[in-house]
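To start, the structure under review is shown below, and the notes come after it.
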Amino acid sequence: MRLLIIFLFIVLTCCNTFDAQDAENDRFGPKYQSLETEILKEGTNHKRIMILAKNGESPEAIATDYGGTVEQPFEELNGVTSYIPTDQLLDLGHDERVEEIEYDKIVELKPELEADWPTNMIQAPRAWSQGLTGKGKKIGVLDSGIANHEDLNIKGGVAFTNYTDSYEDDNGHGTHVAGIIAALDNDIGITGVAPDSELYAVKVLNEENLGFMSHIITGIDWSIRHDMDIINLSLGSADHSSMLQQMTDKANDEGIVVVSAAGNSGTRSGTENTVNYPARYQSSIAVGAVDHRRNRATFSSTGPAVELSAPGVAINSTYLNNQYISMDGTSFAAPYVTGVAALLMEEEPNASNRQIRERLQNDSIDLGNEGRDTWYGFGLVQAPEPEPKLGTVTMPFTDIHGHWAEEEVISVYERGWMIGSDGLFRPENNLTRAEAATVFSRILQLEDTGETPPTFTDVADSFWASEKIELVAQHGIMIGSGHSFSPNAPLTREQMATMLYRVLSVDHSEETAPFHDVPADRWSYDAITALRELDIVRGISPTTFDPTGAITRAQMSVMLERAAPHFE
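Under the numbering used here, the first residue of the sequence shown carries the number 1459, and numbering increases by one thereafter.
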(Lines of atoms letter the chains of each structure in order from A and count residues from 1; the text may use other names and numbers.)
(Lines give C-alpha, C1' and ligand atoms only; values in the text may rest on other atoms or scores of the structure.)
Protein backbone atom coordinates (compact mmCIF):
# COMPACT_ATOMS: atom_id res chain seq x y z
CA MET A 1 0.00 0.00 0.00
CA ARG A 2 1.26 3.36 -0.91
CA LEU A 3 1.92 5.65 1.98
CA LEU A 4 0.97 9.28 1.67
CA ILE A 5 2.47 11.62 4.19
CA ILE A 6 0.39 14.54 5.37
CA PHE A 7 1.47 17.19 7.81
CA LEU A 8 -1.06 19.65 9.15
CA PHE A 9 0.90 22.78 9.87
CA ILE A 10 0.20 26.08 11.52
CA VAL A 11 3.51 27.96 11.66
CA LEU A 12 4.15 30.97 13.85
CA THR A 13 7.30 33.02 14.05
CA CYS A 14 8.57 35.26 16.77
CA CYS A 15 6.99 38.63 17.46
CA ASN A 16 4.53 39.30 14.66
CA THR A 17 2.70 36.30 13.23
CA PHE A 18 0.64 34.94 16.12
CA ASP A 19 -2.50 36.25 17.75
CA ALA A 20 -5.02 35.04 20.31
CA GLN A 21 -7.63 34.25 17.66
CA ASP A 22 -5.20 31.86 16.01
CA ALA A 23 -4.78 30.06 19.31
CA GLU A 24 -8.48 29.83 20.03
CA ASN A 25 -9.32 28.55 16.54
CA ASP A 26 -6.84 25.64 16.63
CA ARG A 27 -9.00 22.50 16.91
CA PHE A 28 -8.54 18.86 15.99
CA GLY A 29 -11.19 16.72 14.28
CA PRO A 30 -12.25 13.19 15.23
CA LYS A 31 -9.65 11.50 12.98
CA TYR A 32 -6.95 12.73 15.35
CA GLN A 33 -8.57 11.47 18.57
CA SER A 34 -5.61 9.16 19.21
CA LEU A 35 -3.52 12.28 19.85
CA GLU A 36 -6.22 14.41 21.39
CA THR A 37 -5.43 13.38 24.96
CA GLU A 38 -1.84 14.42 24.46
CA ILE A 39 -2.69 17.56 22.54
CA LEU A 40 -5.10 18.76 25.19
CA LYS A 41 -3.73 16.95 28.25
CA GLU A 42 -3.24 20.26 30.03
CA GLY A 43 -6.77 21.29 29.10
CA THR A 44 -8.16 23.30 26.21
CA ASN A 45 -6.41 26.39 27.53
CA HIS A 46 -2.95 25.06 26.60
CA LYS A 47 -1.26 24.61 23.24
CA ARG A 48 1.66 22.37 22.32
CA ILE A 49 4.46 24.66 21.12
CA MET A 50 8.07 24.24 19.96
CA ILE A 51 10.34 26.97 21.32
CA LEU A 52 13.77 27.78 19.86
CA ALA A 53 15.80 29.96 22.24
CA LYS A 54 18.56 32.36 21.29
CA ASN A 55 22.14 31.37 22.05
CA GLY A 56 22.88 31.61 25.75
CA GLU A 57 19.21 31.46 26.75
CA SER A 58 17.45 28.49 28.37
CA PRO A 59 14.37 27.26 26.47
CA GLU A 60 13.25 25.35 29.56
CA ALA A 61 13.36 28.53 31.64
CA ILE A 62 11.41 30.42 28.98
CA ALA A 63 8.70 27.75 28.95
CA THR A 64 8.32 27.68 32.73
CA ASP A 65 8.30 31.48 32.91
CA TYR A 66 5.07 31.40 30.94
CA GLY A 67 3.49 28.62 32.98
CA GLY A 68 4.43 25.94 30.48
CA THR A 69 5.64 22.38 30.82
CA VAL A 70 8.92 20.92 29.56
CA GLU A 71 8.15 17.94 27.32
CA GLN A 72 11.08 17.26 24.96
CA PRO A 73 14.38 19.13 24.72
CA PHE A 74 16.23 19.62 21.41
CA GLU A 75 19.80 19.51 22.64
CA GLU A 76 21.36 20.21 19.24
CA LEU A 77 19.07 23.20 18.59
CA ASN A 78 18.71 24.79 22.04
CA GLY A 79 14.98 24.22 21.89
CA VAL A 80 12.15 22.49 23.73
CA THR A 81 8.57 21.32 23.29
CA SER A 82 6.11 22.73 25.81
CA TYR A 83 2.41 23.07 26.61
CA ILE A 84 1.86 26.83 27.01
CA PRO A 85 -1.32 28.53 28.28
CA THR A 86 -3.06 30.15 25.32
CA ASP A 87 -3.31 33.48 27.13
CA GLN A 88 0.51 33.55 27.37
CA LEU A 89 1.26 32.94 23.70
CA LEU A 90 1.28 36.57 22.61
CA ASP A 91 3.73 37.51 25.35
CA LEU A 92 5.87 34.48 24.54
CA GLY A 93 6.00 35.58 20.90
CA HIS A 94 7.42 38.95 21.96
CA ASP A 95 9.98 37.59 24.41
CA GLU A 96 13.44 38.79 23.32
CA ARG A 97 14.97 35.50 24.46
CA VAL A 98 12.98 33.61 21.81
CA GLU A 99 14.48 32.99 18.37
CA GLU A 100 11.44 31.23 16.94
CA ILE A 101 8.26 29.41 17.96
CA GLU A 102 6.06 26.99 16.04
CA TYR A 103 2.96 24.97 16.72
CA ASP A 104 3.98 21.33 17.06
CA LYS A 105 2.72 19.77 13.89
CA ILE A 106 0.85 16.53 13.32
CA VAL A 107 2.34 13.88 11.06
CA GLU A 108 0.12 11.33 9.33
CA LEU A 109 0.82 8.41 6.99
CA LYS A 110 -2.03 7.06 4.88
CA PRO A 111 -2.03 3.46 3.64
CA GLU A 112 -3.33 2.76 0.15
CA LEU A 113 -2.62 -0.04 -2.32
CA GLU A 114 -1.11 -3.48 -1.83
CA ALA A 115 0.95 -5.15 -4.55
CA ASP A 116 3.57 -7.83 -5.22
CA TRP A 117 7.35 -7.80 -5.07
CA PRO A 118 8.96 -6.26 -8.20
CA THR A 119 12.16 -7.12 -10.01
CA ASN A 120 15.22 -6.16 -8.03
CA MET A 121 16.80 -3.38 -10.04
CA ILE A 122 19.53 -2.02 -7.79
CA GLN A 123 21.86 -5.03 -8.22
CA ALA A 124 22.53 -5.59 -4.53
CA PRO A 125 23.76 -9.17 -5.18
CA ARG A 126 26.84 -7.85 -6.98
CA ALA A 127 27.80 -5.98 -3.81
CA TRP A 128 27.15 -9.04 -1.65
CA SER A 129 29.44 -11.04 -3.96
CA GLN A 130 32.24 -8.68 -2.86
CA GLY A 131 31.43 -9.29 0.79
CA LEU A 132 29.73 -5.91 1.17
CA THR A 133 26.78 -6.17 3.55
CA GLY A 134 26.84 -2.82 5.38
CA LYS A 135 28.49 -4.46 8.38
CA GLY A 136 28.75 -2.18 11.40
CA LYS A 137 26.98 0.81 9.82
CA LYS A 138 24.46 2.33 12.24
CA ILE A 139 21.13 3.31 10.71
CA GLY A 140 18.47 5.29 12.53
CA VAL A 141 15.00 4.48 11.17
CA LEU A 142 12.71 7.36 12.18
CA ASP A 143 9.29 5.85 11.79
CA SER A 144 6.52 4.00 13.62
CA GLY A 145 9.09 1.80 15.36
CA ILE A 146 10.36 -1.65 14.42
CA ALA A 147 8.59 -4.84 15.50
CA ASN A 148 10.36 -7.96 16.68
CA HIS A 149 10.66 -10.18 13.61
CA GLU A 150 12.57 -13.37 12.89
CA ASP A 151 14.06 -11.67 9.81
CA LEU A 152 15.31 -8.55 11.65
CA ASN A 153 18.05 -7.83 14.16
CA ILE A 154 17.31 -4.62 16.07
CA LYS A 155 20.37 -3.23 17.85
CA GLY A 156 18.49 -0.69 19.95
CA GLY A 157 16.17 2.24 19.83
CA VAL A 158 14.08 4.83 21.58
CA ALA A 159 10.48 6.07 21.60
CA PHE A 160 9.49 9.73 21.41
CA THR A 161 5.73 9.14 21.22
CA ASN A 162 4.60 10.06 24.70
CA TYR A 163 2.08 7.24 25.12
CA THR A 164 4.75 4.51 25.28
CA ASP A 165 8.38 3.97 26.22
CA SER A 166 8.69 1.08 23.77
CA TYR A 167 10.03 1.41 20.25
CA GLU A 168 7.96 -1.62 19.23
CA ASP A 169 6.10 -0.96 15.97
CA ASP A 170 2.32 -0.98 16.42
CA ASN A 171 1.53 0.06 12.85
CA GLY A 172 3.83 -1.89 10.51
CA HIS A 173 5.23 0.93 8.39
CA GLY A 174 8.57 1.17 10.19
CA THR A 175 9.02 -2.60 10.19
CA HIS A 176 8.45 -2.68 6.44
CA VAL A 177 11.05 0.06 5.91
CA ALA A 178 13.53 -1.73 8.19
CA GLY A 179 13.25 -4.97 6.23
CA ILE A 180 14.12 -3.26 2.96
CA ILE A 181 17.25 -1.88 4.57
CA ALA A 182 18.49 -4.81 6.63
CA ALA A 183 16.39 -8.00 6.58
CA LEU A 184 18.78 -10.81 7.49
CA ASP A 185 20.39 -13.16 4.97
CA ASN A 186 19.12 -16.20 6.87
CA ASP A 187 17.11 -18.23 4.34
CA ILE A 188 13.93 -16.76 5.81
CA GLY A 189 11.68 -14.39 3.90
CA ILE A 190 13.69 -11.64 2.19
CA THR A 191 17.20 -10.21 2.32
CA GLY A 192 17.67 -6.49 2.87
CA VAL A 193 20.07 -4.35 0.86
CA ALA A 194 22.53 -4.14 3.77
CA PRO A 195 21.74 -7.25 5.87
CA ASP A 196 24.60 -6.77 8.33
CA SER A 197 23.96 -3.10 9.03
CA GLU A 198 22.76 -2.12 12.51
CA LEU A 199 19.12 -1.09 12.84
CA TYR A 200 18.07 1.45 15.46
CA ALA A 201 14.34 1.99 15.88
CA VAL A 202 13.53 5.65 16.53
CA LYS A 203 9.79 5.67 17.13
CA VAL A 204 8.31 9.05 16.19
CA LEU A 205 4.84 7.93 15.00
CA ASN A 206 2.03 6.18 16.87
CA GLU A 207 -0.14 3.20 15.95
CA GLU A 208 -2.12 5.33 13.49
CA ASN A 209 1.05 6.79 11.96
CA LEU A 210 0.43 10.10 13.67
CA GLY A 211 2.97 12.11 15.59
CA PHE A 212 4.22 15.58 16.35
CA MET A 213 6.90 17.36 14.36
CA SER A 214 8.85 17.69 17.60
CA HIS A 215 9.06 13.88 17.74
CA ILE A 216 10.87 13.88 14.40
CA ILE A 217 13.18 16.72 15.38
CA THR A 218 13.96 14.97 18.66
CA GLY A 219 14.54 11.72 16.77
CA ILE A 220 17.13 13.37 14.53
CA ASP A 221 18.65 14.96 17.63
CA TRP A 222 18.93 11.51 19.25
CA SER A 223 20.45 10.05 16.08
CA ILE A 224 23.17 12.71 16.07
CA ARG A 225 24.04 12.13 19.71
CA HIS A 226 24.12 8.35 19.26
CA ASP A 227 26.47 8.47 16.26
CA MET A 228 24.21 7.14 13.54
CA ASP A 229 25.90 6.82 10.16
CA ILE A 230 22.65 7.14 8.21
CA ILE A 231 19.18 8.45 9.04
CA ASN A 232 16.18 7.14 7.07
CA LEU A 233 13.15 9.45 7.00
CA SER A 234 10.31 7.73 5.15
CA LEU A 235 7.98 10.61 5.97
CA GLY A 236 7.55 14.21 4.96
CA SER A 237 5.58 17.44 4.94
CA ALA A 238 4.19 19.76 2.32
CA ASP A 239 5.24 22.71 4.48
CA HIS A 240 8.62 24.03 5.54
CA SER A 241 9.66 23.99 9.20
CA SER A 242 12.65 26.09 10.18
CA MET A 243 13.47 23.87 13.15
CA LEU A 244 13.27 20.71 11.08
CA GLN A 245 15.60 22.25 8.51
CA GLN A 246 18.08 23.31 11.17
CA MET A 247 18.14 19.84 12.72
CA THR A 248 18.47 18.15 9.32
CA ASP A 249 21.31 20.52 8.43
CA LYS A 250 22.94 19.73 11.78
CA ALA A 251 22.84 16.00 11.06
CA ASN A 252 24.42 16.56 7.65
CA ASP A 253 27.10 18.81 9.16
CA GLU A 254 27.90 16.05 11.66
CA GLY A 255 28.71 13.67 8.79
CA ILE A 256 25.44 11.72 8.73
CA VAL A 257 23.89 10.69 5.41
CA VAL A 258 20.25 11.82 5.59
CA VAL A 259 17.86 10.00 3.24
CA SER A 260 14.22 11.10 2.85
CA ALA A 261 11.20 10.02 0.84
CA ALA A 262 10.38 12.61 -1.82
CA GLY A 263 6.67 12.20 -1.16
CA ASN A 264 3.58 10.72 -2.79
CA SER A 265 2.02 13.94 -4.08
CA GLY A 266 3.05 13.47 -7.70
CA THR A 267 0.73 13.91 -10.66
CA ARG A 268 0.54 12.11 -13.97
CA SER A 269 2.01 15.12 -15.79
CA GLY A 270 4.82 15.47 -13.28
CA THR A 271 5.21 19.17 -14.00
CA GLU A 272 4.63 20.45 -10.47
CA ASN A 273 7.16 20.88 -7.68
CA THR A 274 5.65 18.56 -5.07
CA VAL A 275 8.69 17.28 -3.16
CA ASN A 276 8.06 17.20 0.57
CA TYR A 277 10.21 18.38 3.46
CA PRO A 278 12.74 17.38 4.74
CA ALA A 279 13.49 15.77 1.36
CA ARG A 280 13.47 19.22 -0.23
CA TYR A 281 16.28 20.44 2.00
CA GLN A 282 19.74 20.40 0.43
CA SER A 283 21.07 18.50 3.45
CA SER A 284 18.86 15.50 2.65
CA ILE A 285 18.77 13.08 -0.28
CA ALA A 286 15.29 13.16 -1.86
CA VAL A 287 14.28 9.75 -3.23
CA GLY A 288 11.54 9.17 -5.80
CA ALA A 289 9.87 5.89 -6.73
CA VAL A 290 9.97 3.87 -9.96
CA ASP A 291 8.12 0.73 -11.02
CA HIS A 292 9.53 -2.52 -12.38
CA ARG A 293 9.88 -0.93 -15.84
CA ARG A 294 12.01 1.89 -14.42
CA ASN A 295 9.20 4.36 -15.03
CA ARG A 296 8.35 7.00 -12.46
CA ALA A 297 5.44 5.92 -10.29
CA THR A 298 2.68 8.43 -10.99
CA PHE A 299 2.32 9.10 -7.26
CA SER A 300 6.03 9.93 -6.85
CA SER A 301 6.62 13.61 -6.12
CA THR A 302 8.57 15.64 -8.68
CA GLY A 303 10.75 18.72 -8.53
CA PRO A 304 14.35 19.96 -8.70
CA ALA A 305 15.16 18.50 -5.28
CA VAL A 306 14.67 14.89 -6.46
CA GLU A 307 18.14 13.40 -6.27
CA LEU A 308 17.80 9.65 -6.76
CA SER A 309 15.20 7.05 -7.68
CA ALA A 310 14.63 3.54 -6.37
CA PRO A 311 11.98 0.81 -6.57
CA GLY A 312 8.82 1.95 -4.83
CA VAL A 313 5.97 -0.06 -6.36
CA ALA A 314 4.89 -3.48 -5.07
CA ILE A 315 7.70 -3.75 -2.53
CA ASN A 316 7.64 -6.92 -0.41
CA SER A 317 9.12 -6.63 3.08
CA THR A 318 8.77 -7.49 6.74
CA TYR A 319 5.63 -6.67 8.70
CA LEU A 320 3.98 -7.18 12.07
CA ASN A 321 3.61 -10.66 13.64
CA ASN A 322 6.49 -12.16 11.61
CA GLN A 323 4.55 -11.54 8.43
CA TYR A 324 5.48 -10.05 5.05
CA ILE A 325 3.44 -7.62 3.01
CA SER A 326 3.72 -5.75 -0.29
CA MET A 327 3.32 -1.96 -0.40
CA ASP A 328 3.80 1.07 -2.69
CA GLY A 329 5.28 4.48 -1.95
CA THR A 330 8.38 6.64 -1.87
CA SER A 331 8.53 5.57 1.79
CA PHE A 332 9.81 2.26 0.45
CA ALA A 333 12.10 3.73 -2.21
CA ALA A 334 14.12 5.72 0.34
CA PRO A 335 15.38 2.65 2.28
CA TYR A 336 16.94 1.23 -0.90
CA VAL A 337 19.14 4.32 -1.07
CA THR A 338 19.83 4.01 2.66
CA GLY A 339 20.93 0.41 2.17
CA VAL A 340 23.20 1.24 -0.78
CA ALA A 341 24.72 4.11 1.23
CA ALA A 342 25.61 1.58 3.95
CA LEU A 343 27.30 -0.65 1.36
CA LEU A 344 29.32 2.28 0.03
CA MET A 345 30.35 3.30 3.55
CA GLU A 346 31.66 -0.20 4.14
CA GLU A 347 33.50 -0.16 0.81
CA GLU A 348 34.99 3.30 1.49
CA PRO A 349 35.31 3.55 5.30
CA ASN A 350 37.17 6.87 5.18
CA ALA A 351 34.76 8.61 2.81
CA SER A 352 32.81 11.63 4.05
CA ASN A 353 29.03 11.76 3.80
CA ARG A 354 29.44 14.21 0.93
CA GLN A 355 31.65 11.73 -0.94
CA ILE A 356 29.16 8.92 -0.32
CA ARG A 357 26.43 11.15 -1.69
CA GLU A 358 28.47 11.85 -4.84
CA ARG A 359 29.10 8.11 -5.29
CA LEU A 360 25.36 7.50 -5.11
CA GLN A 361 24.83 10.14 -7.78
CA ASN A 362 27.66 9.05 -10.04
CA ASP A 363 26.91 5.32 -9.84
CA SER A 364 23.21 5.72 -10.62
CA ILE A 365 21.70 4.78 -13.98
CA ASP A 366 20.47 7.88 -15.77
CA LEU A 367 16.72 7.77 -16.44
CA GLY A 368 14.45 10.21 -18.25
CA ASN A 369 16.05 13.34 -19.68
CA GLU A 370 19.84 13.28 -19.94
CA GLY A 371 21.49 14.36 -16.71
CA ARG A 372 19.68 15.25 -13.53
CA ASP A 373 15.97 15.85 -14.01
CA THR A 374 12.93 16.61 -11.89
CA TRP A 375 11.43 13.11 -12.17
CA TYR A 376 14.35 10.78 -11.48
CA GLY A 377 17.11 13.03 -10.17
CA PHE A 378 20.47 11.59 -11.18
CA GLY A 379 18.82 8.25 -11.82
CA LEU A 380 18.24 4.77 -10.44
CA VAL A 381 20.41 3.96 -7.42
CA GLN A 382 22.91 1.14 -7.97
CA ALA A 383 24.89 -1.02 -5.56
CA PRO A 384 28.71 -0.95 -5.87
CA GLU A 385 30.17 -2.85 -8.80
CA PRO A 386 32.89 -5.45 -8.24
CA GLU A 387 36.41 -4.49 -9.28
CA PRO A 388 37.35 -5.90 -12.72
CA LYS A 389 39.54 -8.99 -12.52
CA LEU A 390 43.22 -8.53 -13.35
CA GLY A 391 43.82 -8.83 -17.05
CA THR A 392 40.29 -7.93 -18.06
CA VAL A 393 39.20 -4.72 -19.71
CA THR A 394 35.72 -3.34 -19.14
CA MET A 395 34.21 -1.53 -22.13
CA PRO A 396 31.84 0.93 -20.45
CA PHE A 397 30.54 2.55 -23.66
CA THR A 398 29.40 1.18 -27.00
CA ASP A 399 30.57 4.18 -29.03
CA ILE A 400 34.30 4.26 -28.22
CA HIS A 401 35.56 0.92 -29.55
CA GLY A 402 38.41 1.71 -31.95
CA HIS A 403 38.19 5.45 -31.23
CA TRP A 404 41.55 7.24 -31.11
CA ALA A 405 40.88 8.23 -27.46
CA GLU A 406 39.47 4.86 -26.35
CA GLU A 407 42.11 4.16 -23.68
CA GLU A 408 41.91 7.65 -22.20
CA VAL A 409 38.09 7.56 -22.10
CA ILE A 410 38.13 4.24 -20.24
CA SER A 411 40.74 5.56 -17.83
CA VAL A 412 38.92 8.77 -16.88
CA TYR A 413 35.67 6.79 -16.58
CA GLU A 414 37.29 4.31 -14.19
CA ARG A 415 38.67 7.21 -12.17
CA GLY A 416 35.10 8.50 -11.88
CA TRP A 417 35.97 11.80 -13.57
CA MET A 418 33.82 11.56 -16.70
CA ILE A 419 30.74 9.44 -17.23
CA GLY A 420 28.29 8.96 -20.05
CA SER A 421 24.66 7.93 -20.20
CA ASP A 422 22.66 5.15 -21.80
CA GLY A 423 25.91 3.28 -22.52
CA LEU A 424 27.26 6.12 -24.67
CA PHE A 425 30.19 8.49 -24.09
CA ARG A 426 29.57 10.68 -27.14
CA PRO A 427 33.29 11.40 -27.66
CA GLU A 428 32.85 13.89 -30.50
CA ASN A 429 30.27 16.03 -28.72
CA ASN A 430 31.50 19.41 -27.55
CA LEU A 431 32.03 19.60 -23.79
CA THR A 432 29.75 22.21 -22.22
CA ARG A 433 30.79 24.54 -19.43
CA ALA A 434 28.29 22.85 -17.11
CA GLU A 435 29.84 19.46 -17.87
CA ALA A 436 33.31 20.88 -17.22
CA ALA A 437 32.17 22.22 -13.85
CA THR A 438 30.86 18.77 -12.95
CA VAL A 439 34.09 17.07 -14.03
CA PHE A 440 36.32 19.38 -11.99
CA SER A 441 34.12 19.09 -8.91
CA ARG A 442 34.53 15.30 -9.12
CA ILE A 443 38.28 15.39 -9.68
CA LEU A 444 38.98 17.83 -6.87
CA GLN A 445 36.18 16.55 -4.59
CA LEU A 446 35.17 20.14 -4.00
CA GLU A 447 33.24 20.98 -0.86
CA ASP A 448 31.13 23.98 0.01
CA THR A 449 33.36 26.72 1.45
CA GLY A 450 30.45 28.37 3.20
CA GLU A 451 30.93 31.53 1.18
CA THR A 452 28.07 32.94 -0.85
CA PRO A 453 28.69 31.91 -4.46
CA PRO A 454 28.24 34.36 -7.35
CA THR A 455 24.71 34.69 -8.67
CA PHE A 456 24.44 33.58 -12.28
CA THR A 457 21.19 34.69 -13.90
CA ASP A 458 21.38 31.90 -16.46
CA VAL A 459 21.75 29.05 -13.91
CA ALA A 460 18.44 28.22 -12.26
CA ASP A 461 18.36 26.30 -8.98
CA SER A 462 16.65 23.48 -10.87
CA PHE A 463 19.46 23.23 -13.46
CA TRP A 464 21.05 19.78 -13.28
CA ALA A 465 24.58 21.11 -12.62
CA SER A 466 23.72 24.13 -10.47
CA GLU A 467 25.42 22.75 -7.35
CA LYS A 468 28.63 21.92 -9.23
CA ILE A 469 28.67 25.35 -10.86
CA GLU A 470 28.38 26.98 -7.43
CA LEU A 471 31.31 24.89 -6.17
CA VAL A 472 33.71 25.71 -9.02
CA ALA A 473 32.75 29.38 -8.74
CA GLN A 474 33.36 29.38 -4.98
CA HIS A 475 36.82 27.89 -5.54
CA GLY A 476 37.66 30.31 -8.36
CA ILE A 477 38.07 27.58 -10.97
CA MET A 478 35.32 28.83 -13.29
CA ILE A 479 34.05 32.35 -12.76
CA GLY A 480 31.79 33.19 -15.70
CA SER A 481 31.38 36.66 -17.13
CA GLY A 482 29.52 39.18 -15.03
CA HIS A 483 26.30 37.50 -13.90
CA SER A 484 26.36 34.92 -16.70
CA PHE A 485 27.91 31.46 -16.64
CA SER A 486 26.72 30.22 -20.05
CA PRO A 487 26.31 26.64 -18.80
CA ASN A 488 25.32 25.16 -22.15
CA ALA A 489 28.00 26.94 -24.16
CA PRO A 490 30.90 24.82 -25.43
CA LEU A 491 34.09 25.02 -23.39
CA THR A 492 36.94 26.41 -25.48
CA ARG A 493 40.42 24.92 -25.62
CA GLU A 494 42.00 27.94 -23.96
CA GLN A 495 39.36 27.94 -21.21
CA MET A 496 40.19 24.32 -20.48
CA ALA A 497 43.91 25.08 -20.39
CA THR A 498 43.33 28.00 -18.04
CA MET A 499 41.27 25.90 -15.61
CA LEU A 500 43.92 23.19 -15.51
CA TYR A 501 46.58 25.84 -14.98
CA ARG A 502 44.64 27.21 -12.00
CA VAL A 503 44.03 23.91 -10.25
CA LEU A 504 47.47 22.39 -10.89
CA SER A 505 49.37 25.51 -9.75
CA VAL A 506 52.20 24.79 -12.19
CA ASP A 507 55.07 27.23 -12.57
CA HIS A 508 54.90 29.88 -15.25
CA SER A 509 56.76 28.78 -18.36
CA GLU A 510 59.51 30.90 -19.88
CA GLU A 511 59.21 28.98 -23.13
CA THR A 512 58.97 31.03 -26.31
CA ALA A 513 55.45 31.12 -27.68
CA PRO A 514 54.98 27.67 -29.25
CA PHE A 515 51.85 28.57 -31.21
CA HIS A 516 51.43 31.42 -33.68
CA ASP A 517 47.77 31.92 -32.66
CA VAL A 518 48.63 32.34 -28.95
CA PRO A 519 50.74 35.53 -28.75
CA ALA A 520 52.42 36.57 -25.51
CA ASP A 521 49.80 39.24 -24.81
CA ARG A 522 46.86 36.82 -25.03
CA TRP A 523 45.06 36.30 -21.70
CA SER A 524 45.54 32.51 -21.86
CA TYR A 525 49.20 32.61 -22.91
CA ASP A 526 50.73 31.64 -19.54
CA ALA A 527 48.39 28.70 -19.09
CA ILE A 528 48.83 27.30 -22.59
CA THR A 529 52.62 27.60 -22.68
CA ALA A 530 53.06 26.13 -19.18
CA LEU A 531 50.83 23.14 -19.91
CA ARG A 532 52.41 22.66 -23.34
CA GLU A 533 55.80 22.35 -21.66
CA LEU A 534 54.36 19.62 -19.41
CA ASP A 535 52.83 17.92 -22.48
CA ILE A 536 49.34 18.21 -20.99
CA VAL A 537 48.01 20.23 -23.92
CA ARG A 538 49.06 20.05 -27.54
CA GLY A 539 48.09 21.95 -30.66
CA ILE A 540 45.97 20.84 -33.56
CA SER A 541 49.22 21.19 -35.52
CA PRO A 542 52.83 21.87 -34.43
CA THR A 543 52.28 25.63 -34.63
CA THR A 544 48.52 26.06 -34.17
CA PHE A 545 46.58 25.70 -30.91
CA ASP A 546 43.12 26.96 -31.97
CA PRO A 547 42.44 28.64 -28.59
CA THR A 548 38.81 29.57 -29.30
CA GLY A 549 37.90 26.21 -30.76
CA ALA A 550 35.50 24.02 -28.81
CA ILE A 551 36.96 21.08 -26.94
CA THR A 552 35.32 17.71 -27.46
CA ARG A 553 34.64 15.15 -24.76
CA ALA A 554 37.33 12.91 -26.24
CA GLN A 555 39.91 15.72 -26.19
CA MET A 556 38.95 16.50 -22.60
CA SER A 557 39.53 12.90 -21.56
CA VAL A 558 42.99 12.93 -23.16
CA MET A 559 44.03 16.18 -21.44
CA LEU A 560 42.79 14.88 -18.08
CA GLU A 561 44.66 11.61 -18.49
CA ARG A 562 47.89 13.50 -19.22
CA ALA A 563 47.27 15.73 -16.20
CA ALA A 564 46.39 12.83 -13.88
CA PRO A 565 49.87 12.47 -12.30
CA HIS A 566 49.72 16.12 -11.27
CA PHE A 567 46.41 15.58 -9.44
CA GLU A 568 47.82 12.76 -7.34
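All C-beta atoms, glycine included, are put in the ideal place defined by N, C-alpha and C.
In the pairwise beta carbon analysis, the stretch 1751–1759 is classified as touching the stretch 1714–1727: at least three pairs are separated by under 8 Å. The residue from N1513, V1961 and D1993 with its alpha-carbon nearest to that of E1554 is N1513. Just measuring C-alpha positions, the residue of S1982, R2011 and P2023 sitting nearest F2003 is S1982. Within the model, the alpha-carbon separation for K1505 versus I1542 is close to 5 Å.
In the DSSP secondary-structure assignment, H1504 is bridged to P1543.
About 13 Å separates the Cβ atoms of V1599 and Y1794, ruling out a contact at the 8 Å cut-off.
Membership of N1710 in the alpha helix (DSSP H) is indicated by the continuous run S1700 to D1711.
The criterion of a C-beta distance shorter than 7 Å is not satisfied by L1663 and S1624.
Secondary structure in the stretch 1617–1687: the beta strand (DSSP E) runs of 3 residues or longer, each lying completely within the stretch, are 1656–1661 and 1668–1670 in chain order.
Our two residues, S1700 and I1682, have alpha carbons roughly 18 Å apart in a direct line. With respect to the 7 Å criterion, G1637 and S1775 are classified as neighbours on the basis of their beta carbons. When only Cα atoms are considered, D1545 and Y1561 end up about 15 Å apart. Taking C-alpha positions only, T1832 is separated from A1768 by approximately 14 Å.
A residue is called buried when at least 16 other Cβ atoms come within 10 angstroms of its Cβ; G1537 meets this threshold and is buried. Within a 10 Å sphere around the beta-carbon of A1640 sit 16 or more other beta-carbons, which makes this residue buried. The stretch 1803–1817 makes contact with the stretch 1707–1715; the number of CB pairs closer than 8 Å reaches 3 or more. With a cut-off of 8 Å on Cβ pairs, the stretch 1882–1889 is not in contact with the stretch 1908–1922, counting fewer than three such pairs. In terms of CA proximity to V1930, V1897 leads the group H1861, V1897 and T1732. Counting only runs of at least 4 residues, the stretch 1890–1924 fully encloses the following alpha helix (DSSP H) elements, listed from N- to C-terminal order: 1891–1902. Counting every other CB atom within 10 Å of its CB across the protein chains shown gives A1709 a total of 16 or more, marking it as buried.
With fewer than 16 other beta carbons inside 10 angstroms of its own, H1974 counts as exposed.
Between the beta-carbon of V1717 and that of N1690 there is about 5 Å, and that keeps the pair under the 8 Å contact cut.
Sequence-distant Cβ neighbours of I2009 in its own chain, meaning closer than 6 Å and more than five residues away, are L1889, L1949, R1951 and M1954.
With a beta-carbon spacing of about 15 Å, Y1658 and K1593 fall beyond the 8 Å limit used to define contacts. Secondary structure of R1754 (DSSP, three-state): strand.
For P1517 against I1509, the beta-carbon gap comes to about 5 Å, under 8 Å, which counts as contact. Counting along the chain, the unbroken beta strand (DSSP E) around Q1530 starts and ends at Q1530 to F1532.
T1776 is bridged by DSSP to Y1782.
With fewer than 16 neighbouring CB atoms inside 10 Å of its own CB, E1806 falls in the exposed class.
G1615 and A1792 have their alpha carbons spaced roughly 20 Å apart.
Going by beta carbons, I1604 and G1632 fall inside the 7 Å limit.
When the five nearest sequence neighbours on each side are left out, the beta carbons in the same chain lying within less than 7 Å of the beta carbon of T1956 are those of S1982 and A1985, in order along the chain. The DSSP-derived three-state label of N1513 is coil. When the alpha-carbon of Q1703 is set against those of I1675, P1972 and I1998, the nearest one is in I1675. For Y1782 against G1647, the beta-carbon gap comes to about 6 Å, under 8 Å, which counts as contact. Counting along the chain, A1792 sits inside the alpha helix (DSSP H) bounded by residues A1792 to E1805.
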